Amino acid sequence: MAASFLYLSFPSLANFPTWDVRGFICCIILHITISEPLYYWLHRLLHSSNLFHQYHWLHHSSKVIHPFTGGHATFLEHIVVCVIVGIPTLGTALIGYGSVGLMYSYLLAFDFLHCLGHCNVEVFPSQLFETIPLLKSFIRTPTYHSLHHTDMGTNFCLFMPLYDNLWNTMNTKSWDLQKEISSRTTSRVPDFVFLAHVVDVMSALHAPFVFRSFNSTPFGIKPFLFPMWPGTYVVMLVMWAKSKTFLFNFYNLRGRLHQTWVVPRFGFQYFLPFAKEGINNQIEDAILKADRLGVKVISLAALNKVSLVLVVFFFPLFFFYGMMISQVGLKLCTFV
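If you want it as structure tokens, here you go:
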């Protein structure tokens, strides 16, 4: 909306070149010298007792931060972000080095880094910062920003911890915790696994990582889903060719970790004779993986259960999967 307003207010913006290297250099300088410190102090001001409960509490209301949290803010905060973004982009344009490529790349990079900082998943290896310690001043990791949401008196920076370090607000645990989390090689073993499958193309769009708002309501076929049907069908074909069983979601209930794993097959594929062996191999691999991990119970969704029963009890001589389960079934520690 802000970009549209500026475009209509300044018709000369339509004459920008596609690319200008000088503009990128100028934009980076303006971002580092003006946007970063300005954001730092405005953010710190929003954490004052007078302003926090009126203008900044919404951003910190998420119990568990995720990429959406990056844009979950009050109207005043969105105006502040528009100013922060506008300084490097409009400043570069006013100097005479603006370009279409700069506008798109800066805005996309800004949103990407903002969401990355709130993703709550550490993606940077600690070896990177041990090899090049200077990067600790220029890269805000997800772990670094997650500490701001638990200890709100620290780690105020936008993307560059340099300013927290400069004004003595860096959390002392920041880089030790980042190293600890990024160095972890194992995670907690689930107590229970539900082995699900996709029902159909439309229901696949009800996944939480597609549309969170749509996923928060009971499933129903909506008009906006139809344009995405062809793309989802292509994804289905790719999953059929390459994908293996994957973790879909998880939750904790009374101290027990429950996970949902998904066999990358759609409902209609279970009724294709030539697809049966591949599906059975996927189910077998999932059960044996759960057993290796030490999962106590794995439960099968409807069509996975039917496939297992048909193979094991009715056709044990014709399918390797049936013979495999017959041979190792008694040795499994996981209850199926």
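Residue numbering for the sequence shown follows the numbering used here, starting at 332 and increasing by one per position.
Virtual Cβ for every residue (Gly too), placed ideally from N, Cα, C.
These numbers come from a predicted model, not from an experiment.
Any chance you could list the beta strand (DSSP E) runs of at least 3 consecutive residues sitting entirely within the stretch 340-390, in chain order? Segments of the beta strand (DSSP E) lying fully in the stretch 340-390: there are none.
Can you name the residues that DSSP bridges to Thr-591? The count along the sequence shown starts at 1 and reaches residue 591 at position 260. BP columns for Thr-591 point to Phe-525 and Asn-580.
Considering only DSSP beta bridges, list what Phe-666 is partnered with. For the purposes of this step, residue 666 is taken as residue 335 along the sequence shown, with counting starting at 1. Phe-666 is bridged by DSSP to Val-628.
Looking at C-beta atoms only, is the number of pairs between the stretch 435-454 and the stretch 387-398 that lie closer than 8 Å three or more? Verdict: yes, contact present.
Give the single residue among His-374, Phe-355 and His-362 whose Cα lies nearest to the Cα of His-480. Here residue 480 is taken as the residue at index 149 of the sequence shown, counted from 1. Restricting attention to His-374, Phe-355 and His-362, the CA atom closest to the CA of His-480 is found in His-374.
Own chain partners of Asp-616 with C-beta closer than 8 Å, once the 5 adjacent residues on each side are dropped: On the sequence shown, position 285 is the one that residue 616 refers to. Closer than 8 Å at Cβ, skipping near neighbours: Lys-575 and Thr-576.
Would Tyr-428 be called buried (16 or more neighbouring beta carbons within 10 Å of its own) or exposed? The sequence position of residue 428 within the sequence shown is 97, counting from 1. Around the beta carbon of Tyr-428, 16 or more other beta carbons sit within 10 angstroms, so the residue counts as buried.
For Arg-543, count neighbouring Cβ atoms within 10 angstroms of its own Cβ and tell me buried if that reaches 16, exposed if not. Start at 1 with the first residue of the sequence shown, and residue 543 comes out as number 212. The residue in question, Arg-543, is exposed, as its Cβ has fewer than 16 Cβ neighbours within 10 Å.
Nearest-angstrom Cα distance between Val-532 and Tyr-564? Locating residue 532 in the sequence shown gives position 201, counting from the first residue. Locating residue 564 in the sequence shown gives position 233, counting from the first residue. Rounded to whole angstroms, the gap between the alpha carbons of Val-532 and Tyr-564 is 7 Å.
Going by C-alpha distance, which of His-403, Asn-611, Tyr-386 and Gln-385 is nearest Ser-393? Counted from its first residue, the sequence shown places residue 393 at position 62. Minimum Cα distance to Ser-393 is reached at His-403.
DSSP on Trp-560, reduced to helix/strand/coil? Residue mapping note: residue 560 aligns to position 229 of the sequence shown, counting from 1. It is helical.
Looking only at C-alpha atoms, which of Phe-383, Pro-456 and Phe-355 sits nearest to Ser-436? The residue given as residue 436 occupies position 105 in the sequence shown. Here the closest residue by C-alpha is Phe-355.
Grouping DSSP H, G and I as helix and E and B as strand, with all else coil, what is Ala-538? Within the sequence shown, the letter at position 207 stands for residue 538. Three-state DSSP puts Ala-538 in coil, outside helix and strand.
Taking Cβ to Cβ, would you say Gly-598 is nearer than 9 Å to Leu-634? As a working note, residue 598 is residue 267 in the sequence shown. As a working note, residue 634 is residue 303 in the sequence shown. Taking 9 Å as the cut-off, the Cβ atoms of Gly-598 and Leu-634 count as close.
Pull up the distance between the alpha-carbon of Phe-645 and that of Val-637, whole angstroms please. Within the sequence shown, residue 645 is the residue found at index 314, counting from 1. Within the sequence shown, residue 637 is the residue found at index 306, counting from 1. Note that Phe-645 scores a pLDDT of 41, beneath 50, so its modelled location is shaky and nothing firm can be said.
Beta-carbon proximity of Phe-525 to Thr-474, cut-off 9 Å: Counting from 1 along the sequence shown, the entry for residue 525 is found at position 194. Counting from 1 along the sequence shown, the entry for residue 474 is found at position 143. No, these two residues do not count as a Cβ contact at 9 Å.
Here's a check: name, in chain order, each residue in its chain whose Cβ is nearer than 6 Å to the Cβ of Trp-571, leaving out the five neighbours to either side. Looking up residue 571 in the sequence shown gives position 240. Taken in chain order, the list of residues that qualify is empty.
Given Met-434 as reference, the closest of Thr-420, Phe-441 and Leu-425 once Cα atoms are compared: By 1-based counting over the sequence shown, the position of residue 434 is 103. Selection Thr-420, Phe-441 and Leu-425 evaluated against Met-434 yields Thr-420 as nearest (Cα-Cα).
Would Ala-535 be called buried (16 or more neighbouring beta carbons within 10 Å of its own) or exposed? As a working mapping, residue 535 is identified with position 204 in the sequence shown. Buried.
Compare the C-alpha of Pro-549 against each of Ala-538, Val-566 and Met-559 and name the closest. The residue you call residue 549 lines up with position 218 of the sequence shown. That would be Ala-538, whose Cα lies nearest to the Cα of Pro-549.
Secondary structure at Glu-408, three-state DSSP: helix, strand or coil? Sequence index remark: in the sequence shown, residue 408 carries index 77 (1-based). In the three-state reduction of the DSSP assignment, Glu-408 falls in the helix class, which pools H, G and I.
Backbone CA spacing between Asn-546 and Leu-466 [nearest angstrom]: For the purposes of this step, residue 546 is taken as residue 215 along the sequence shown, with counting starting at 1. For the purposes of this step, residue 466 is taken as residue 135 along the sequence shown, with counting starting at 1. When rounded, the distance between both Cα atoms is 38 Å.
Endpoints, alpha helix (DSSP H) assigned at Asp-442: On the sequence shown, residue 442 is found 111 positions in, with the first residue counted as 1. 431-448 is the extent of the alpha helix (DSSP H) around Asp-442.
Of all the options His-409, His-391, Val-416 and Glu-408, which has the alpha carbon lying nearest to the alpha carbon of Ile-363? To locate residue 363, count along the sequence shown from 1; it is residue 32. Per the Cα distances, Val-416.
Please report the distance separating the alpha-carbon of Asn-352 from that of Pro-604. Within the sequence shown, residue 352 is the residue found at index 21, counting from 1. Within the sequence shown, residue 604 is the residue found at index 273, counting from 1. The question names Asn, yet the displayed sequence has Val at residue 352. Cα to Cα, Val-352 sits roughly 58 Å from Pro-604.
Which residues mark the beginning and the end of the alpha helix (DSSP H) in which His-476 is found? Here the question's residue 476 lines up with position 145 in the sequence shown. It spans 473-481 - the alpha helix (DSSP H) in which His-476 sits, taken as one unbroken run.
Quick check: what's the CA-CA separation for His-409 versus Lys-573? In the sequence shown, the residue the question calls residue 409 occupies position 78. In the sequence shown, the residue the question calls residue 573 occupies position 242. In this model, His-409 and Lys-573 are separated by some 41 Å (Cα to Cα).
Let me know the secondary structure DSSP gives Pro-398 once reduced to three states. In the sequence shown, residue 398 corresponds to position 67, counting from 1. Pro-398 falls in the helix class under three-state DSSP.
I need the straight-line Cα distance from Pro-666 to Asn-580, nearest angstrom please. Sequence index remark: in the sequence shown, residue 666 carries index 335 (1-based). Sequence index remark: in the sequence shown, residue 580 carries index 249 (1-based). The displayed chain sequence assigns Phe, not Pro, to residue 666. When rounded, the separation of the alpha-carbon atoms in Phe-666 and Asn-580 is 21 Å.
Pairwise C-alpha distance: Phe-555 and Leu-459: For the purposes of this step, residue 459 is identified with residue 128 of the sequence shown, where counting begins at 1. For the purposes of this step, residue 555 is identified with residue 224 of the sequence shown, where counting begins at 1. Leu-459 and Phe-555 have their C-alpha atoms some 43 Å from each other.
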